[in-house]
Each structure stands twice: as structure tokens, then as C-alpha cells.
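One structure is given here, and the rest of the page talks about it.
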Amino acid sequence: MRQNYFSLYYCPCFTFLAILIITINTGNHNLSDKERSLEQARSLVESGKNDEARFCLLESLKEDPDNHAALLILGGSYFVDEKYSEAEMVFERLILMKPGDGKFSIALFNTLWKSDRTEEALEEIKRFMSAADPVKEKETFDQYMEITNSIADDLDYDHD
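Take any residue in the sequence shown, note its place counting from 1, add 2, and you have its number in the numbering used here.
Here it is, written out as C-alpha cells:
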């Protein structure tokens, strides 16, 4: 039976919501139109209205196609709805923009893992570790080490 390592690392939906909340709740109550749009999308996702959130996000991305927060929320909304191929495309786009960013790598890893694409998920770990700054991304490195150790332990157990 396939071990689920999902509890060992960030879930994209929690990651993108936390990042967005931190970004928006900076004490500035005079939000720009872009920030209001992201806040609306975040609220829609929290309410389970992912289709509406995606429409809002895609409209925002027409004006700012490289907006990391909007892309992360978009990918997370696809992930939550188990639309893994769409989530993968969004997370891969983010990784192309910032190859050494842990939250983007974790999001792609989760998506590949949940799609039962184990080899590709493990390749994402290797890619990230070769591209990222180990000091700056220590938390992600630690999580990936925990995951790989758990997988190795399971393989040893299966062979006994």
C-alpha cells in the first residue's frame, strides 16, 4: 500500500493562504485594487467557491501575469479541487520564475505526489536541492530530508 507522506510537508492551500494573509495584513487598510482582488479571491477559496476565485485570479493575472501570490492561490485552488494537471502547470510556471523557492517546490511536489507520480515528485526534490540556497531554504531542505528518510524506511520495511 502506498504510504501517504502528505502530513509531513506543507499543503499548498495552507501555504498560499498563509502567505496571502501575511501579505495583505500588513497594517495598511488602504488596499490597492490588486490587493483587494487577491483578498476577494482568498475569501472565495476559503468559502469553497474555487471556480469564482479562479475567475477573479485569472482576471488579475491579465494585468499582472507574474504575480506570485495570485499564481500560488490559483494553483492551490486547482490542487484543492484535485485538478492536479492544472495545478502542476501553475506551480511549474512559478518555479520557472523562482527555481529556488521552497513554497513553490513544495506545492509542485505535493501535486505530483497526490497524482501518484512518485518518481517525478522525487525528481522535484533533487531539482530543488540543486537550485536552492540551503541556508535560506533550510526549512524546506529539512522537510525534504524527513520525506526521503521516511520513504527509505518504508522501502526497507517492504523488503524485510
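Every residue gets a Cβ at the ideal spot worked out from N, C-alpha and C, and that includes glycine.
- Shortest Cα-Cα distance from Pro101 to any of Tyr146, Met131 and Asp158 involves Met131.
- Excluding its 5 nearest sequence neighbours in each direction, Asp135 has C-beta neighbours in its own chain below 8 Å: Gly102, listed in chain order.
- Residue Ala72 holds the alpha-carbon nearest to the alpha-carbon of Gln42 among Lys64, Ala72, Pro67 and Asp66.
- In the structure shown, Asn151 falls within a helical segment according to DSSP collapsed to helix, strand and coil.
- For Leu60, the CB contacts under 8 Å within the same chain, skipping 5 residues up- and downstream, are Leu76 in chain order.
- Between the alpha carbons of Asp156 and Val92 lies a distance of about 31 Å.
- The Cβ atoms of Leu110 and Glu84 lie no closer than 9 Å to each other.
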